[in-house]
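Heads up: the structure comes next, in structure tokens.
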Amino acid sequence: MNKLELSCMLPEEITNALSLKQNFRGMQIFKWLSSNVQSFDEMTNLPLDLRNILKKKALIRTSTIAETLVDPDGTIKLQIELQDGNKIETVLLIDAENRKTACVSCQAGCAMGCKFCKTGTLGLSRNLTAGEIVEEFRYLEEKAGKLDNIVFMGMGEPLMNLDAIRKSLKILSHSEGRNLSMRRVTISTCGIVKGIYDLADNGPAVRLAVSLTTADSELRSTLMPVNKKNPLPELKKAIYYFTKKTGKRCTLEAALLGDVNTDTKSIDRMIDFTKNLPIHVNLIPWNPVPELPYHEPTRKECTNFILALESAGINVTQRAKRGRKIGGSCGQLGKTITE
Ligand code: SF4
13 MNKLELSCML PEEITNALSL KQNFRGMQIF KWLSSNVQSF DEMTNLPLDL RNILKKKALI
73 RTSTIAETLV DPDGTIKLQI ELQDGNKIET VLLIDAENRK TACVSCQAGC AMGCKFCKTG
133 TLGLSRNLTA GEIVEEFRYL EEKAGKLDNI VFMGMGEPLM NLDAIRKSLK ILSHSEGRNL
193 SMRRVTISTC GIVKGIYDLA DNGPAVRLAV SLTTADSELR STLMPVNKKN PLPELKKAIY
253 YFTKKTGKRC TLEAALLGDV NTDTKSIDRM IDFTKNLPIH VNLIPWNPVP ELPYHEPTRK
313 ECTNFILALE SAGINVTQRA KRGRKIGGSC GQLGKTITE
């Protein structure tokens, strides 16, 4: 018999799935799950016979932690094994102000094939379920205590698995559960135009980040195949629509690849692209993946880029290098799965 997977359920779904006569029991179970209990025996306000039924019929978690890696800079990466044997990675980032951010995966692998990204070399195995996404978050809170932010920037393209993300956020933001604020959630896309409209129109009301990398269309198509079906003018319109509809600013991310997308032409195209968009640009010096044919940008390349954007009046930051020693930085996920 397949056991019930409780981590993907809201209180009323737990009540229905277990055919509980009293609705409040479903809520009690949901609250215990949200407080990260490890066993049904810890659910001390449930009658013993219900705890025994749960042991027989249900699972608290469907996945397990296969490996925990800790970088000297405090970054933690969990390699998580799913029920079907697929492995994913999820990362806890701690910034200089001690804010804790969960960088979670939404797919096992990724179909988008961005050329500078380790996950892109794996191909797509499958979408994660809402429960598997919830479990990533709960594992990280078990390790590190209450998290401040959650970003969908791990393995996979979030806008290709938006329904599962929506459900996971319903569970994590439930007022009787973890009560996570949507203001603390960011969804990062490689530029799926249709998905950006969907997110703007149908929520949830999260922040949006777009991995632009370059606004040089020809170059972008070679680095990010998604650009062919989602060309830059359409992407710009979608970002504009999102910011107008939601009132939220969008972050444009650019992985800087040494001698590839850091020249004057790339800078000028980026400045052009950002015109009339309420955006912030986050530059990410490329994090090395040995088998990929790129190198890190020099300090001068990064500085030139930043200064040029600033002179054009663009709000720009450079992301700190974190988690590199454990393959936990942006673009490196999947490294320890294939090693
Ligand atoms: S950058 Fe994101 S969308 Fe592109 S291949 Fe990597 S995980 Fe997929």
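Sequential numbering of the sequence shown, starting at 13, is according to my numbering.
Just so it is clear, CB atoms sit at the ideal spot from N, CA and C, and this is done for glycine as well.
Under 6 angstroms Cβ to Cβ from residue 79, same chain only, skipping five residues before and after it: list those, please. The sequence position of residue 79 within the sequence shown is 67, counting from 1. Result list for residue 79: 91, in chain order.
Using a Cβ distance threshold of 8 angstroms, determine whether the region 278 to 287 contacts the region 220 to 237, with at least three qualifying pairs required. yes
Given this structure, state the Cα-to-Cα distance separating residue 118 from residue 194, to the nearest angstrom. Against the sequence shown, residue 118 aligns to sequence position 106. Against the sequence shown, residue 194 aligns to sequence position 182. Distance between the alpha carbons of residue 118 and residue 194 is about 17 angstroms.
Any 3 or more C-beta pairs closer than 8 angstroms across the region 157 to 168 and the region 89 to 103: yes
When a residue counts only if its C-beta is closer than 5 angstroms to some heavy atom of the ligand SF4, which residues count, in chain order? 122, 124, 126, 129, 131, 132, 169, 202
State the CB to CB distance for the pair residue 224 and residue 254, rounded to an integer number of angstroms; the pair is presumed to be in contact (CB under 8 angstroms). For the purposes of this step, residue 224 is taken as the residue at position 212 of the sequence shown. For the purposes of this step, residue 254 is taken as the residue at position 242 of the sequence shown. The Cβ separation is near 14 angstroms, so there is no contact.
Going by DSSP, what residues sit across from residue 200 in a beta bridge? Within the sequence shown, residue 200 is the residue found at index 188, counting from 1. For residue 200, which the question treats as bridged, DSSP gives the partners 221.
Please report the Cβ distance between residue 133 and residue 335, rounded to the nearest whole angstrom; I am assuming they are in contact, meaning their Cβ atoms lie under 8 angstroms. Mapped onto the sequence shown, residue 133 falls at position 121. Mapped onto the sequence shown, residue 335 falls at position 323. Residue 133 to residue 335, Cβ: 19 angstroms. No contact.
Return the first residue and the last residue of the beta strand (DSSP E) that residue 112 is part of. Sequence index remark: in the sequence shown, residue 112 carries index 100 (1-based). From DSSP, the beta strand (DSSP E) with residue 112 extends over 112 to 115.
Range of the contiguous alpha helix (DSSP H) that encloses residue 314: Numbered from 1 along the sequence shown, position 302 holds the residue referred to as residue 314. 311 to 323 is the span of the alpha helix (DSSP H), which, as asked, contains residue 314.
I need the boundaries of the alpha helix (DSSP H) containing residue 88, first residue and last residue. Translated into positions along the sequence shown, residue 88 becomes position 76. Run containing residue 88: none in the alpha helix (DSSP H); it sits in the beta strand (DSSP E), 88 to 93.
Should residue 263 and residue 313 be called a contact, given that it needs their Cβ atoms to be closer than 8 angstroms? Here residue 263 is taken as the residue at index 251 of the sequence shown, counted from 1. Here residue 313 is taken as the residue at index 301 of the sequence shown, counted from 1. For residue 263 and residue 313, no; Cβs fall outside 8 angstroms.
Go ahead and label residue 154 buried or exposed: buried means 16 or more other beta carbons lie within 10 angstroms of its beta carbon, across all protein chains shown. Here residue 154 refers to the residue found at position 142 when the sequence shown is read from its first residue. So residue 154 counts as exposed.
Going by DSSP, what residues sit across from residue 11 in a beta bridge? Residue 11 cannot be examined here, being either before or after the span of the chain that is shown, 13 to 351.
Residue 205 - containing alpha helix (DSSP H), residue span: To locate residue 205, count along the sequence shown from 1; it is residue 193. That run of the alpha helix (DSSP H) goes 205 to 214.
Could you tell me the distance, in whole angstroms, from the CA atom of residue 294 to the CA atom of residue 181? Locating residue 294 in the sequence shown gives position 282, counting from the first residue. Locating residue 181 in the sequence shown gives position 169, counting from the first residue. C-alpha separation (whole angstroms): 25 angstroms.
Please say whether residue 162 and residue 197 have beta carbons closer to each other than 8 angstroms? Position 185 of the sequence shown holds residue 197. Position 150 of the sequence shown holds residue 162. Closer than 8 angstroms, so yes.
So the candidates are 156, 286, 147, 128; which of them puts its Cα closest to the Cα of residue 272? On the sequence shown, position 260 is the one that residue 272 refers to. If we check each option's Cα against that of residue 272, 128 comes out closest.
Of all the options 57, 67, 89, which has the alpha carbon lying nearest to the alpha carbon of residue 339? Here the question's residue 339 lines up with position 327 in the sequence shown. The candidate whose alpha carbon is nearest that of residue 339 is 89.
With DSSP run on the structure shown, which of helix, strand or coil describes residue 20? Translated into the one-based positions of the sequence shown, residue 20 becomes position 8. In the three-state scheme derived from DSSP, where H, G and I count as helix and E and B as strand, residue 20 is classed as helix.
Proximity below 8 angstroms, CB of residue 299 to CB of residue 343: Sequence index remark: in the sequence shown, residue 299 carries index 287 (1-based). Sequence index remark: in the sequence shown, residue 343 carries index 331 (1-based). Yes, these two residues count as a Cβ contact at 8 angstroms.
Beta-carbon separation of residue 285 and residue 321 under 8 angstroms? Here residue 285 refers to the residue found at position 273 when the sequence shown is read from its first residue. Here residue 321 refers to the residue found at position 309 when the sequence shown is read from its first residue. Not a contact, by the Cβ cut-off of 8 angstroms.
Distance, residue 323 Cα to residue 138 Cα: Taking the first residue of the sequence shown as position 1, residue 138 is located at position 126. Taking the first residue of the sequence shown as position 1, residue 323 is located at position 311. Going from the Cα of residue 138 to the Cα of residue 323 covers about 43 angstroms.
In or out: residue 256 buried (at least 16 other Cβ within 10 Å) or exposed? Locating residue 256 in the sequence shown gives position 244, counting from the first residue. It is exposed - the Cβ of residue 256 has fewer than 16 other Cβ atoms within 10 Å.
I need the DSSP call for residue 82, collapsed to helix, strand or coil. Counting from one through the sequence shown, the residue named residue 82 turns up at place 70. In the structure shown, residue 82 sits in a strand (DSSP, three-state: E or B).
Just to confirm, is the Cβ distance from residue 59 to residue 39 under 8 angstroms? Here residue 59 refers to the residue found at position 47 of the sequence shown. Here residue 39 refers to the residue found at position 27 of the sequence shown. Remark: C-beta atoms of residue 59 and residue 39 do not approach each other more closely than 8 angstroms.
Beta carbon of residue 69 nearer than 8 angstroms to that of residue 16: As a first step, residue 69 must be located in the sequence shown, where it is residue number 57. As a first step, residue 16 must be located in the sequence shown, where it is residue number 4. Closer than 8 angstroms, so yes.
Near residue 76, which residues of its chain fall below 8 angstroms by C-beta distance, leaving aside the five closest residues on each side in sequence? By one-based count along the sequence shown, residue 76 stands at place 64. So the qualifying residues of the chain are 92, 93.
Kindly indicate the opening and closing residues of the beta strand (DSSP E) around residue 137. Within the sequence shown, the letter at position 125 stands for residue 137. 135 to 139 is the extent of the beta strand (DSSP E) around residue 137.
Is residue 199 near residue 177, with beta carbons less than 8 angstroms apart? Reading the sequence shown from its first residue, position 187 is the one you call residue 199. Reading the sequence shown from its first residue, position 165 is the one you call residue 177. Yes. Within cutoff.
Hey, residue 251 and residue 218: beta-carbon distance below 8 angstroms or not? For the purposes of this step, residue 251 is taken as the residue at position 239 of the sequence shown. For the purposes of this step, residue 218 is taken as the residue at position 206 of the sequence shown. Contact: no.
Which residues in the same chain as residue 205 place their Cβ atom closer than 7 angstroms to its Cβ, once the five residues preceding and following it in sequence are excluded? Here the question's residue 205 lines up with position 193 in the sequence shown. Cβ within range, chain order: 242, 246, 247, 250.
Chain D within 8 angstroms of residue 280, Cβ atoms only: Looking at the structure shown, chain D is missing, and only one protein chain is on hand.
Is it right to say residue 83 is buried, meaning 16 or more other beta carbons lie within 10 angstroms of its own, or is it exposed? The residue labelled residue 83 in the question sits at position 71 within the sequence shown. Buried, because 16 or more other Cβ atoms sit within 10 Å of the Cβ of residue 83.
Where do the ends of the alpha helix (DSSP H) carrying residue 35 lie? Position 23 of the sequence shown, counted from the start, is the residue given in the question as residue 35. 35 to 46 is the span of the alpha helix (DSSP H), which, as asked, contains residue 35.
Quick check on this structure: which residue in 107, 48, 172 has the alpha carbon closest to the alpha carbon of residue 209? As a position in the sequence shown, residue 209 is number 197, starting the count at 1. For residue 209, the nearest C-alpha among the options comes from 172.
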